[in-house]
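Going by this note's numbering, the sequence shown opens with residue 20, and the numbers climb by one from there. By construction, the Cβ of each residue, glycine as well, lies at the ideal position given by its N, Cα and C atoms. A quick write-up on the structure given underneath.
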Amino acid sequence: METSMEITTATISQTDSMPADLSEALKLATKDSHELAENSEFMKNFQKGQVTRDQFKLLLDSLYFIYTALEEEIERNKDHPAFAPLYFPSELHRKEALVQDLEYFHGPGWRSHIECPRATKKYVSRIQQVGRQEPELLVAHSYIRYMGDLSGGQVLKKVAQKALQLPSTGEGVAFFTFDRVTNATKFKQLYRSRMNTLDTTNGIKEKILEEANRAFQLNVEVFAELQQLKTQNQTQGVSMPSDLSEALKLATKDSHELAENSDFMRNFQKGQVTRDQFKLLLDSLYFIYTALEEEIERNKDHPAFAPLYFPLELHRKDALVQDLEYFHGPGWQSHIECPRATKKYVSRIQQVGRQEPELLVAHSYIRYMGDLSGGQVLKKVAQKALQLPSTGEGVAFFTFDRVTNATKFKQLYRSRMNTLDITNGIKEKILEEANRAFQLNVELFHELQTLTSSSERNGAVHSNDTETRRRIVAQGQSVLTGANQHPPKHSDDLLTHGQGLRFAVLIGLVVVTLTVAYYQYVW
């Protein structure tokens, strides 16, 4: 069932397996993103009827700002050939309906009672940027919002009416009511057919799919913030914890749950992982930690990070080199390449380190505390599943020889973090960056799984991973940070049959590191 939000965060399917129809391509490319948004704590509670009037008002407030921006940009571009066929203001536009609902809940002076939260402002800014610079991408925002609202409107309307005891005559839920659409199924068919007539050549389709996933992520961030605001209201205005470590725990709760609810973790706990899958994971981690530790070295004396500089105890690059040498052999550097989503993760770490080093706190804390907390558990699972030596070869990444007492070290790390001299504005940016780091990991997981699944759907399960790696880097050149860069070369590592099914388990390894490892043990 589609709900009022039809988007999340998945990587785009391979161009060669993408459906020709834009509507079908969107459905496929945003499947994982849709599920992530639908499984957010805010939306899950709402669908269960666990919503108060204040919470519902917060949602309407945010939707008002979002739809005001969207419909202003639609009006601006209503005659643009990249959008004109989808211009249905009478049937779809929601701003006026939201005004009715806001008047019902807030009263005649409703405009003075609503404010635009930070995540909603970010969403609004993106819509405005798209409308003014790349109007063809309005297709993504329009389709996701309106088709989601139209599809799930009646269900959510009934939930809200029952939970909030609203009048059956429709007051307070005008947003979910489409009076000008007499047959929702036929209208959606018309809308999709119109969309499929758009000229999406020259890479425009891929950009629309990418924008759709971006829109889902913006929705996820809105939900997370609304959940946080809801929690604050329920505790009578208790503000964000003063300790940065506690604030991080609270602010990333939804991100944690999104990752924890995936199938990846459950599969991994069964020990279903092959050597080749594990090697692909180590390859990506090498690029990520190389970038992270280069930026940490760059900023080791920066006051916003210096107290958290523990290279001997925490740094993982050298351990990953040991593991890569074990699995790939002495020439391991010529066998590894950087997938597109990993490249995106690396680029963000580099940008942070060079422009906003205070945000390295978020990346460092999430990665190292997660690795340190769950290291022994993951090490044992990998050793058993892959029949690795009990002496530790192949799992150096999960071994912290310089940390004699993990619990005490984590306490020290958190206490150091809580002494950082940062303003409330910087703290909020660190919390936002932590959620962004989680999202970058999720995108990485989806890309690796999508690439593998796509190969199987096309009947292209190869006896070695050369073609898979070619597909991985087809959308972006491999990235090696530091002085030693190597051009992509072929790999002779074998991939077993049924890789697509088992690859989800590989991804679980990272998910567990960032979820079970990070939360179950860190806290």
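Item checked: Inter-residue Cα distance where the pair is L267 and R317 -> C-alpha separation (whole angstroms): 24 angstroms.
Checklist line | As assigned by DSSP and simplified to three states, the class of N483 | finding: Confidence at N483 is low in this model, with a pLDDT of 40, below 50, so its placement is unreliable and no value can be given for it.
Item checked: Spatially closest choice to N96 from T410, S353, E153, by CA coordinates -> Comparing Cα-Cα distances from N96 to each of T410, S353, E153, the minimum goes to E153.
Note to self: Mapping the DSSP letters down to three states, classify P38 as helix, strand or coil.
What the structure shows: Three-state result, P38: coil.
Check: For V371, which three-state DSSP category applies?
Finding: Three-state DSSP puts V371 in a helix.
Margin query: Can you tell me whether H132 is buried or exposed? The criterion is at least 16 other CB atoms within 10 Å of its CB, across all chains shown.
Written below: With fewer than 16 other Cβ atoms inside 10 Å of its own Cβ, H132 counts as exposed.
Check: Where do the ends of the alpha helix (DSSP H) carrying K429 lie?
Finding: Segment 425–437, the alpha helix (DSSP H) holding K429.
Note to self: Taking the beta carbon of Q374 as the centre, do at least 16 other beta carbons fall within 10 Å, making it buried, or is it exposed?
What the structure shows: That one is exposed.
Note to self: Any contact between the segment 106–117 and the segment 185–204? By contact I mean 3 or more CB pairs, one from each, below 8 angstroms.
What the structure shows: With contact defined as three or more Cβ pairs closer than 8 angstroms, the segment 106–117 and the segment 185–204 are in contact.
Check: Among the residues of its own chain, which have a CB less than 6 angstroms from the CB of A101, if the five just before and after it don't count?
Finding: Excluding positions up to five away in sequence, the list reads P154, E155.
Notebook entry, point to check: With respect to the alpha helix (DSSP H) encompassing N64, which residues constitute its N-terminal and C-terminal limits?
Noted result: Per DSSP, N64 is one residue of the alpha helix (DSSP H) stretching across 60–66.
Next item on the list: Please report the residue range of the alpha helix (DSSP H) in which I385 lies.
Entry: Where I385 is concerned, the enclosing alpha helix (DSSP H) stretches over 379–405.
Note to self: Whole angstroms are fine: how far does the CA of F464 sit from the CA of A39?
What the structure shows: Put simply, the backbone Cα of A39 is about 25 angstroms away from that of F464.
Note to self: Rounded to whole angstroms, what is the Cα-Cα separation between L105 and V158?
What the structure shows: Their Cα atoms are separated by approximately 8 angstroms.
Notebook entry, point to check: Which two residues bound the contiguous alpha helix (DSSP H) that contains K336?
Noted result: Where K336 is concerned, the enclosing alpha helix (DSSP H) stretches over 336–347.
Margin query: Less than 8 angstroms between the C-beta atoms of H160 and I146, yes or no?
Written below: Note that the C-beta distance between H160 and I146 is below 8 angstroms.
Check: Touching or not, the segment 325–343 and the segment 414–427, by the rule of three or more beta carbon pairs under 8 angstroms?
Finding: When Cβ pairs closer than 8 angstroms are counted between the two stretches, the segment 325–343 is seen to touch the segment 414–427, the count reaching three or more.
Notebook entry, point to check: Does the segment 433–445 come close enough to the segment 354–372 that 3 or more CB-CB pairs lie under 8 angstroms?
Noted result: A contact is defined here as three or more CB-CB pairs under 8 angstroms, and the segment 354–372 fails this definition with respect to the segment 433–445.
Notebook entry, point to check: Apart from the five residues on each side of it in sequence, which residues of its chain come closer than 7 angstroms, Cβ to Cβ, to V241?
Noted result: Result list for V241: S81, A138, T139, Y142, in chain order.
Check: Does the segment 168–184 come within contact of the segment 193–213, defined as at least 3 CB pairs closer than 8 angstroms?
Finding: Under the 8 angstroms Cβ criterion, the segment 168–184 counts as touching the segment 193–213, having at least three qualifying pairs.
Checklist line | Buried or exposed by the 16-neighbour rule on C-beta atoms within 10 Å, applied to D273 | finding: Buried, by the Cβ-count rule.
Next item on the list: For the segment 318–329 and the segment 403–415, state whether three or more C-beta atom pairs, one from each stretch, are separated by less than 8 angstroms.
Entry: Counting Cβ pairs under 8 angstroms, fewer than three are found: no touch.
Check: When you compare each of E230, N215, D73 to A182 by their alpha carbons, which one comes out closest?
Finding: When C-alpha distances from A182 are compared across E230, N215, D73, the shortest belongs to D73.
Checklist line | Integer-rounded CB distance, given that L77 should sit under 8 angstroms from I117 | finding: What sits at residue 117 in the sequence shown is Leu, not Ile. Going by Cβ atoms, the distance from L117 to L77 rounds to 13 angstroms, so no, they are not a contact pair.
Check: Is the CB-CB distance between A48 and N215 below 8 angstroms?
Finding: No; because the gap between Cβ atoms is not below 8 angstroms, this pair is not in contact.
Note to self: Distance check for L450 and A338, CA to CA, integer angstroms please.
What the structure shows: Within the model, the alpha-carbon separation for A338 versus L450 is close to 28 angstroms.
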